[in-house]
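Quick note: to get my numbering, add 446 to the position in the sequence shown (first position is 1).
One structure below.
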Amino acid sequence: MKLPTSLMYIACVAMLFFSCSQDTLDEDVFPNSVEIIVPETKSIELEILELINSYRGDLGLTALGNLKIIKSQAYSHTDYMIEQENMSHDYFFARKSFLQSKTGASRVAENVAFGFSTAQAVVSAWLDSEDHRNTIEGDFTDFDISAEQNEFGFWYYTNIFIKK
Numbered sequence: 447m448k449l450p451t452s453l454m455y456i457a458c459v460a461m462l463f464f465s466c467s468q469d470t471l472d473e474d475v476f477p478n479s480v481e482i483i484v485p486e487t488k489s490i491e492l493e494i495l496e497l498i499n500s501y502r503g504d505l506g507l508t509a510l511g512n513l514k515i516i517k518s519q520a521y522s523h524t525d526y527m528i529e530q531e532n533m534s535h536d537y538f539f540a541r542k543s544f545l546q547s548k549t550g551a552s553r554v555a556e557n558v559a560f561g562f563s564t565a566q567a568v569v570s571a572w573l574d575s576e577d578h579r580n581t582i583e584g585d586f587t588d589f590d591i592s593a594e595q596n597e598f599g600f601w602y603y604t605n606i607f608i609k610k
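See the structure below:
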């Protein structure tokens, strides 16, 4: 009995540490702020973007471009997760709708994560998960990321992908 309980606990913990969302999920609407905030890019964010594009390149996939408007939505959501002290895809539909209207995106997806302290660790975790890997390998044209630390130094991540 102890082994199945342990496996369930590990599965629950894994779900808390990383998650992804495709454009078919989360139909709740949260109004976007009129003000668009695009913080300066951190070295960990650059490293994550480079690792993902390198991985895509190794598969023969095209490198993804970066758009500040995507980063603004990723940053807004990462900040929200820190305020809520919870990793989530809350209001994904609002981010998707905003990006569709502002960029003409036909498809939007996101990966989120919490707790990984290095770019390699978070990218490896996403690649070890079939759903997250499918997003990274998906038919997208652009992406960007926000990585922010809470007051205790724990990292939260939002990585948004779009196809224009």
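Beta carbons: idealized from backbone N, C-alpha and C, even for Gly.
Through-space distance from residue j to residue i, alpha-carbon basis
i	j	result
residue 495	residue 591	7 Å
residue 576	residue 559	15 Å
residue 582	residue 573	8 Å
residue 524	residue 530	10 Å
residue 472	residue 503	Confidence at residue 472 is low in this model, with a pLDDT of 39, below 50, so the placement of that residue is unreliable and no value is reported for it.
residue 585	residue 596	32 Å
residue 551	residue 497	23 Å
residue 545	residue 578	20 Å
residue 508	residue 501	10 Å
residue 564	residue 538	25 Å
residue 562	residue 535	18 Å
residue 484	residue 528	17 Å
residue 490	residue 580	22 Å
residue 540	residue 488	25 Å
Reference residue i, options the options, closest by Cα
i	options	result
residue 486	534, 506, 520, 501	520
residue 609	542, 579, 564	542
residue 548	528, 526, 580, 514	514
residue 554	507, 587, 488	587
residue 589	484, 512, 535	512
Residue i burial status per 10 Å Cβ neighbour count (16 or more: buried)
i	result
residue 593	buried
residue 516	buried
residue 533	buried
residue 505	exposed
residue 518	buried
residue 522	buried
Beta-carbon spacing of residue i, residue j below 8 Å
i	j	result
residue 510	residue 499	yes
residue 482	residue 556	no
Taking three-plus beta-carbon pairs below 8 Å as touching, is the stretch 558-569 in contact with the stretch 584-604?
yes
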